[in-house]
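Reviewing the structure listed below.
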Amino acid sequence: MSGEASRKGKSAAEIIQQINAKNAKLLALALVIGFTVYHGMLHLRYGIDSCKWLLSDGRYKGNQEWQPYGCMMHRYSQTDTRRCLRYLAFWGKHNHFVFIGDSRIRQLYLAFLNHLDPHEGTTITIPPDRHHSDLSFGDSKLRLHVEFIWSPYVSKHMIDDFQNWKVKNEPPSMIVAGSATWSIKDSNASVHALQEYSWNLTRLVQAIDAISSKRSHVLWTLQEPVNTEKLHPARAMITNEQIDMYNKAAMEILQHSSAQLWSSSRLVAQGNLEESEDGIHLGPLALKHDTQILLNMYCNDHMNFNDGTCCSSAEPYTTLQVVTFAILGVSSVLSFVLVLHGWMQKWRGTAPVAYFPLTELRKQQSPPESDLYTLVTSLARMGIIMAYFFLCDRTNFFMKENKYFSQVSFWLPFGYVFALGLFFTEDSRFTKVLHRDQTDEWKGKEVHTHMQSPKTCQIRPQTCSWISTAPYF
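With the UniProt record's numbering applied, the sequence shown closes on residue 473, and no number is skipped along the way.
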């Protein structure tokens, strides 16, 4: 029994010895490589277009803010929006937006105008006798023209409008189109209406491709689900099953064209069906998120907001970056050659052997490394770390999300860092107070604290003031 207990104690001691800083670094390296491979496979399968991510998928976060899949969405204020439009107007771009479709598209048009209105607390409305008519808004200072074209069916009227834009030298900057509910209602959900809908969509493809080739955005809005409990009896035939059939037809036809399918609007509405007043039109929160999605798509690539990576192209390389990575790349190649040369010498048995006096208790030591080897391998390690930082900060290779504050997300990292600190401890060769090892540990804690503080400072100022001074006590 004593021998078995001794073996168990020895095994436990060996396991504890493996819990050290060196193995923690190796584990972190393995995780980084794993995440890199995982994101690389995602990009190979789904592509690297963050505009497609913005328009296709997302979810609601704990604070009812919309989080697109894989990228960060900037929250545009009225000032930000007007600054974007003024900047594009300065460079000669005509900010022309067209919303064409039924009453759901008209809602997006009105929400867009309400966002642009500089007077807070006002809401743009239209008289009842103009609900089924075309609307427009303009601002000469911003070179802005926003139109709504009433076209509740995918019919000859809509096709003619697209054909007119096709032949123009400067078509609208963005076209937001969509309709289906009127076809379902007027045909009493007949199969013939669905076939006619599909046929007319096919006739739009050529015009959409021509318009998109002139650097215009053409968005086809998939139909949002309805709240059947709130629907008027006259709209009882507009069911979610019918809407899914029309959306499926639109996706099958337009996926081979240059049109951008806007399916995230469907997910936005699906999470707020209870806000719909009549069961078919969108609530205010869904309209706000849809407006933000449109603005992020249109402005992000020109405004360069740090928290707006959706539809934002990578920044151009600077001369300093090219020179730095060239030096680090050459160092990495030389380091690989030197390491490979050492392995080959060791394998052939021709590696240099170092002799040490017997006074060192026959402690096995490796031969001293040359200054060139140390310099090159150090630069190679730095190059790998800098390349990883570049991928994280200057590209969309690793998917990003907007920060938001919650008690769990704030205190949980402090908890596991504290727990790791209890296990990953090492003996120090210093004996004085506030020696190098202690100050390095405090620096790490301070960096960790400040990485969490930016969003907290905006939402919990009292917590921010505490965590900013905590490392110094």
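Quick reminder that beta carbons are idealized off the backbone N, C-alpha and C, glycines included.
DSSP three-state call for HIS98: helix, strand or coil?
Sequence inspection shows Val at residue 98; the His mentioned does not correspond to that position. DSSP places VAL98 in strand when its eight states are reduced to three.
Leaving out the 5 sequence neighbours to the left and right, which residues in its chain are closer than 7 Å to MET245 when beta-carbon positions are compared?
LEU194
Between the CA atoms of GLN107 and GLU229 - distance to the nearest angstrom:
21 Å
Please go through the same chain and pick out, in chain order, the residues whose beta-carbon is closer than 8 Å to the beta-carbon of LEU361, but skip the five residues on each side of it.
Its pLDDT being 44, under 50, LEU361 is placed unreliably in this model, and the coordinates cannot settle the point.
Quick check on the burial criterion: 16 or more other C-beta atoms within 10 angstroms. Buried or exposed for TYR416?
exposed
Apart from the five residues just before and just after GLU252, which ones in its own chain have a Cβ nearer than 7 Å to its Cβ?
none
Pull up the distance between the alpha-carbon of ALA250 and that of MET41, whole angstroms please.
28 Å
Determine the DSSP secondary structure at ILE105, reduced to helix, strand or coil.
helix
What residue from VAL408, LEU340, ALA259, SER409 has the CA that sits closest to THR377's CA?
LEU340
Relative to the C-alpha of SER140, which candidate in HIS157, PHE35, ARG86, SER190 has its C-alpha closest?
ARG86
Do VAL176 and SER257 have their beta-carbon atoms positioned less than 8 Å apart in this structure?
no
Within a Cβ cutoff of 6 Å, which residues of the same chain sit near ARG143, ignoring the five residues on either side of it in sequence?
ALA89, HIS94, ASN95
Inter-residue Cα distance where the pair is GLY308 and CYS71
8 Å
What number of angstroms, rounded off, separates the C-alpha of GLN407 from the C-alpha of ALA326?
44 Å
Determine which residues share a DSSP beta bridge with ALA177 and list them.
ILE100, TRP220
Less than 8 Å between the C-beta atoms of LEU201 and LEU254, yes or no?
yes
Bridge partners of ARG59, per DSSP?
GLN67
Assign ALA21 to buried or exposed, taking buried as 16 or more other Cβ atoms, counted over all protein chains shown, within 10 Å of its Cβ.
exposed
Answer with buried or exposed for CYS310, where buried requires no fewer than 16 other C-beta atoms within 10 angstroms of its C-beta.
buried
Would you grab the beta carbon distance between residue 477 and MET174 for me? Rounded to a whole angstrom, and I think it's under 8 Å.
A question about residue 477 goes unanswered here, because the residues of the chain that appear run from 1 up to 473.
Around the Cβ of GLU224, are there at least 16 other Cβ atoms within 10 angstroms (buried) or fewer (exposed)?
buried
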